[in-house]
Structures are given as C-alpha cells and as structure tokens.
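> Numbering (the numbering used here), first residue to last: 4 to 230.
Note that the Cβ used here is the ideal one computed from N, Cα and C, for glycine as well.
Because the structure is a prediction, the values reported are computed rather than measured.
Okay, here's the structure, questions in a sec.
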Amino acid sequence: MDKLTLASQARDYMSQGHFGSMNFRGKDIVVLPTVFMPDSNTPLLSEVVESLAQEVLENKKHCSVYEMGAGSGAAIVYLAQNPHIKAYASDIAPMAVLNIKANALWWEVDCEVYEGSLYENTPEGQFDIIFWNIPFFKENPGGVEDVKFRAGFDLEYNYLKRFLQETHKTRLAQNGKVLLAVDEDMCDRPSIHALIEEVGFKWKVQAQKQIKWGEMPVNFAFLLLEK
4 MDKLTLASQA
14 RDYMSQGHFG
24 SMNFRGKDIV
34 VLPTVFMPDS
44 NTPLLSEVVE
54 SLAQEVLENK
64 KHCSVYEMGA
74 GSGAAIVYLA
84 QNPHIKAYAS
94 DIAPMAVLNI
104 KANALWWEVD
114 CEVYEGSLYE
124 NTPEGQFDII
134 FWNIPFFKEN
144 PGGVEDVKFR
154 AGFDLEYNYL
164 KRFLQETHKT
174 RLAQNGKVLL
184 AVDEDMCDRP
194 SIHALIEEVG
204 FKWKVQAQKQ
214 IKWGEMPVNF
224 AFLLLEK
C-alpha cells in the first residue's frame, strides 16, 4: 500500500473522534474529544523514556523531561509520578493542553504545560530528555487542515525540521538526549534520517516493536539522538 493511501486511511481514522477513558500502564486516563488515543506506541515510548531518565538520575538528583506534542499527556504524566523527574509538556491543540492538565490533576502530579506550536510559548530553558511521538505522514491526503490532524500529519516534515534545529541549538542540556517515535511504513524514514543528520545529531535505534493497526502490521521504532 502506498503512503498516500495510508495517509488517507489515517485521516479517516482520526476523523472518527475516539475518546473516553482507557488504561495506561495500569492506571486510568481520560482522553478528550479530538485528542489522539495513546494506545499504539505510547506505552512503550513512555517505558523507553523512563529508562533513559533512570540513567540520568544515576548521576543527577533531578531529570528534566519535556514531551513535544503530548496529546492526552499519558506518557509525560506517567513519568511525572517519579518525584525526581521534572515534567514539562506542550501541544498546539487547546483541547490537548486541557487534557494533559486534567490527567495531571487526576493523578496528582506536577507537570508544566504550554500551548503553542513547537517551543513557541515554552520559556527559555534546557532539558535532559526531550521526546516526541512525531506526526508520521509528510504526505497531504487533503482535509487535514484542522489542528487536530497535527498529531498525524506534518507536510514535508517542516515542523520536524524546525524542532530538530531549535532542539539542537538551544534546548538540550549537557549530555541531553532526544527520543523520536517513528514508524517503518507510514513515515518516510530516509527523509527523517537525513533531517537528523543535517542538523548535526548522531542517532541510533533505541527500541523497536510491531503491533497491529486493524489487520495491518505496524513497525514502530524509537530513535535516540545525541549531539
């Protein structure tokens, strides 16, 4: 199946408006309307980031962790349960920002949340770990102009490029790491790898997993970036 057809299917799936509550790594979270369900690669993403944070905490008292495009906030709120993790999150969608704050309040954890595109309204500062479950599709199937589709579509990876540039230039603490969640089938992996290298990051595959999306196997990977 070609990527434009996949992109059309993803657009239709995201248009269906899945929301409610779900179990995330043993605890219930709420997912508001128009916010993407964190039920595919997000649990493993949070596990990989948690492991990276534990490595940081072997040498530091606190670890600052920032999630870009946090959606429901499931991953960052889960990590914020650790009192040694200082949690931060941002999302461009007002409903997602509300969702992150609601889950943090429900779980009684601290998480600074910012509304805006990329780092637009995030105060100056650097982070030990920055992670992003990136929008997979750079293709435009049409009908994805609404902000809710930013979770799945980044036309020509323009936002990813800007994210990588600013992260590399100003946002990583010394020895900081970036983790990107990508996919073998829906993402254009060669383009992503080229953007990473163009900015000046070194990278490797930190973890991989295959799941089913309907009847189709989906191959997720988590790319670890370092200066």
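Would you mind giving the Cβ-Cβ distance between Met189 and Phe134, rounded to the nearest angstrom? I have them listed as a contact below 8 Å.
Numbered from its first residue, the sequence shown carries residue 189 at position 186. Numbered from its first residue, the sequence shown carries residue 134 at position 131. Rounded, the Cβ-Cβ distance is 18 Å, inconsistent with contact.
> DSSP three-state call for Phe39: helix, strand or coil?
The residue you call residue 39 lines up with position 36 of the sequence shown. Phe39: coil per DSSP, three-state reduction.
> Under a Cβ-count criterion, where at least 16 other Cβ atoms within 10 Å of its own Cβ denotes burial, should Gly72 be classed as buried or exposed?
To locate residue 72, count along the sequence shown from 1; it is residue 69. By the 10 Å Cβ count, Gly72 comes out buried.
> Could you tell me which residues DSSP pairs with Trp206 in its beta bridges?
Position 203 of the sequence shown holds residue 206. Answer is Leu228, bridged to Trp206.
> Taking just the CA atoms, how far does Ala197 sit from Phe22?
Taking the first residue of the sequence shown as 1, we reach residue 22 at position 19. Taking the first residue of the sequence shown as 1, we reach residue 197 at position 194. Their Cα atoms are separated by approximately 35 Å.
> Identify every run of the alpha helix (DSSP H) within the segment 67 to 113, keeping only runs that are complete inside it and at least 4 residues long; order them along the chain.
Listed in chain order, the complete alpha helix (DSSP H) runs (minimum 4 residues) inside the segment 67 to 113 are 77 to 82 and 97 to 110.
> Using 8 Å for Cβ pairs, my map puts Asp131 next to Val51. What's the rounded Cβ distance?
Within the sequence shown, the letter at position 128 stands for residue 131. Within the sequence shown, the letter at position 48 stands for residue 51. Actually they do not touch by this definition, with Cβ atoms about 14 Å apart.
> Quick one: give me the first and last residue of the alpha helix (DSSP H) that Tyr162 is part of.
Your numbering for residue 162 matches position 159 in the sequence shown. Asn161 to Glu169 is the span of the alpha helix (DSSP H), which, as asked, contains Tyr162.
> Do you know whose CA, among Leu121, Ile95, Val59 and Tyr91, lies nearest Gln168's CA?
By 1-based counting over the sequence shown, the position of residue 168 is 165. Among Leu121, Ile95, Val59 and Tyr91, the Cα nearest to that of Gln168 belongs to Leu121.
> Tell me which residues share the same chain as Thr170 and place their Cβ nearer than 7 Å to its Cβ, disregarding the 5 neighbours each side in the sequence.
On the sequence shown, position 167 is the one that residue 170 refers to. Excluding positions up to five away in sequence, the list reads Ile133 and Val181.
> If we ignore side chains and look at the alpha-carbon of each, how far apart do Asn62 and Arg174 end up?
As a working mapping, residue 62 is identified with position 59 in the sequence shown. As a working mapping, residue 174 is identified with position 171 in the sequence shown. Each residue's alpha carbon lies about 20 Å from the other.
> Cβ of Gly74 within 7 Å of Cβ of Phe39?
What you label residue 74 is simply residue 71 of the sequence shown in a count that begins at 1. What you label residue 39 is simply residue 36 of the sequence shown in a count that begins at 1. Yes.
> Measure the C-alpha to C-alpha separation of Ile32 and Val100 and round it to an integer number of angstroms.
Here residue 32 refers to the residue found at position 29 when the sequence shown is read from its first residue. Here residue 100 refers to the residue found at position 97 when the sequence shown is read from its first residue. So the alpha carbons of these two residues sit roughly 14 Å apart.
> Helix, strand or coil for Ile137, going by three-state DSSP, please let me know.
Here residue 137 refers to the residue found at position 134 when the sequence shown is read from its first residue. Ile137 falls in the coil class under three-state DSSP.
> The beta strand (DSSP E) with Val59 in it runs from where to where?
Along the sequence shown, one-based indexing puts residue 59 at 56. It is not in any beta strand (DSSP E) - Val59 instead sits in the alpha helix (DSSP H) that spans Thr45 to Leu60.
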